Amino acid sequence: ELHSDAALLRRRGIRHGWVRARDSVSSTDDEGVMLLHWHQAKPIHLPSQLLPSVPDHAEHIRDALGIMQRVRGGESCLDILDEPRYQQRLQPDFEMLAAVHSGHDPQEIEKITFDAVKSGELFAEDLWMKVSRLSFYEEDASIRFRFSYGLEMFKAQEDDPLRERLAAELAQRVFPECAMVTENAELNALLRCMLGMQPLFVERIIYSNAPNGGAQFHQDVEQGHLGVVYAQLHGRTGWLALPRNELIDEIRTFLAEGSSLLSADFDEDQLESLQYLARDEQRLVEALESEDQGVLEQLLNHSPLFTRRLVEHGWGILLQAGDVLLLPQQATDLCCWHAVFCLDEEPGHALSFALATGA
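Here the sequence shown is numbered in the working numbering, starting from 736 and rising by one per residue.
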């Protein structure tokens, strides 16, 4: 029986079922338990963590939603940020240069380059903000604003702490509500406990998940990063999040049970291919980590039966405005895989920052 707090998990035309707040991963305020979960690559849900800072940033959140709406309406982000109120945020430390096209990303809407300036002189160059769609699905208006530097395709080969820090600062100038995470004393103290030193919030992304949108199953393991902090500022999102080893176990057990209902989601050839993968754990791991997951992608992202199983087994999370979610990403074999669903009838606003220590 559905209750008023039930939210539909729907993404790119597929209805995956319903989730309620009480279905969410259990939260805890026990630092010892959270530290254990971090080292097990389990998601850590911090309900209402940012609520005390919402009044101070309510105007910034409304302004960001306005920027997102204008971009969806076809306006150039370069023209928007050239307006006096945004130039006041950027100047004199950041000079906006031009909109460029990377040429390799069909989901790109606009990429804007910046220089960092100090005492009137060039301090660092090739910082950028990239606005992209999250999918090619026509009814998914989800977009994101990513802040970084240098060459996108060879990011792992670049190590420039100065430009990494400046790109993070640039994100906070354009979207001042980033401070809700970076200046949250309680959250920073918890992260210091988990990481062993003061966290750096790098590779910042501002997300606006829209109805029918969200991210398909993936992990975010990157060289030099230890995890991701995700903060829901407006609207709600539904999540499936679990360690890779648990995801592998769920897939293998799900297929081994061989429910007759599987024929609703897969044809005979697909089921045979999935059973073949599931019989060998290493083969399944290789398929999961490959760029082309083949029929496994169908199971992970298009099967309401599998989604329901993960929710019933406690891997579902419902994030409300003010909530924070920590996603450990220490290594490919020790990371939290996750998928996201927009739960509302209007676009939301969220922050996603990679966690590093600078060590």
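Backbone N, C-alpha and C define an ideal beta-carbon position, used for all residues, glycine too.
These numbers come from a predicted model, not from an experiment.
### Message
Looking at the secondary structure, which residues open and close the beta strand (DSSP E) in which glutamate 1047 lies?
### Response
Premise fails: glutamate 1047 lies in the alpha helix (DSSP H), 1039 to 1047, not in any beta strand (DSSP E).
### Query
Do asparagine 944 and arginine 747 come within 9 angstroms of each other at the CB atom, strictly closer than that value?
no
### Query
What are the uninterrupted segments assigned as alpha helix (DSSP H) that are 4 or more residues long and contained completely in the region 813 to 861, given in chain order?
819 to 825
### Task
Measure the alpha-carbon distance for serine 739 versus tryptophan 753 and round it to whole angstroms.
Low per-residue confidence applies at serine 739: pLDDT is 48, beneath 50, and the placement is therefore not dependable, though the value from the model is reported in the following sentence. Roughly 11 angstroms separates the two Cα atoms.
### Query
Identify the residues that DSSP records as bridge partners of valine 964: which are they?
Leu1061, Phe1088
### Task
Check whether the Cβ atoms of tryptophan 863 and alanine 902 lie closer than 9 angstroms to each other.
yes
#### Entry: Bounding residues of the beta strand (DSSP E) (the contiguous stretch that carries glycine 970)
Here glycine 970 belongs to no beta strand (DSSP E), and DSSP marks it neither H nor E.
#### Entry: Touch test, the region 1042 to 1050 against the region 900 to 918, Cβ-Cβ under 8 angstroms, three pairs minimum
no
### Task
Inspect the CB distances between the region 830 to 840 and the region 768 to 788 and report whether three or more fall short of 8 angstroms.
no
### Task
Put leucine 743 into one of helix, strand or coil per three-state DSSP.
strand
### Query
Is it buried or exposed for alanine 1066, if we count other Cβ within 10 angstroms and need 16 for buried?
exposed
### Query
Cβ of serine 998 within 9 angstroms of Cβ of glycine 1029?
no
### Query
Using the rule of at least 16 other Cβ atoms within 10 Å of the residue's Cβ for burial, across every protein chain shown, is proline 841 buried or exposed?
exposed
### Best match in Ser867, Gly931, Gln951, Glu938 for proximity to aspartate 894 [C-alpha to C-alpha]
Glu938
### Query
Where does the unbroken beta strand (DSSP E) through arginine 939 begin, and where does it stop?
935 to 943
### Task
Go to arginine 805, then tell me how far its beta strand (DSSP E) extends in each direction, as first and last residue.
Premise fails: arginine 805 lies in the alpha helix (DSSP H), 789 to 807, not in any beta strand (DSSP E).
### Query
Whose C-beta lies closer than 6 angstroms to the C-beta of threonine 1092 among residues of the same chain, with five residues either side of it excluded?
Leu930, Met932
### Buried/exposed call for glutamate 818, threshold 16 Cβ in 10 Å
exposed
### Message
Looking at proline 778: is its Cβ nearer than 9 angstroms to the Cβ of isoleucine 986?
### Response
no
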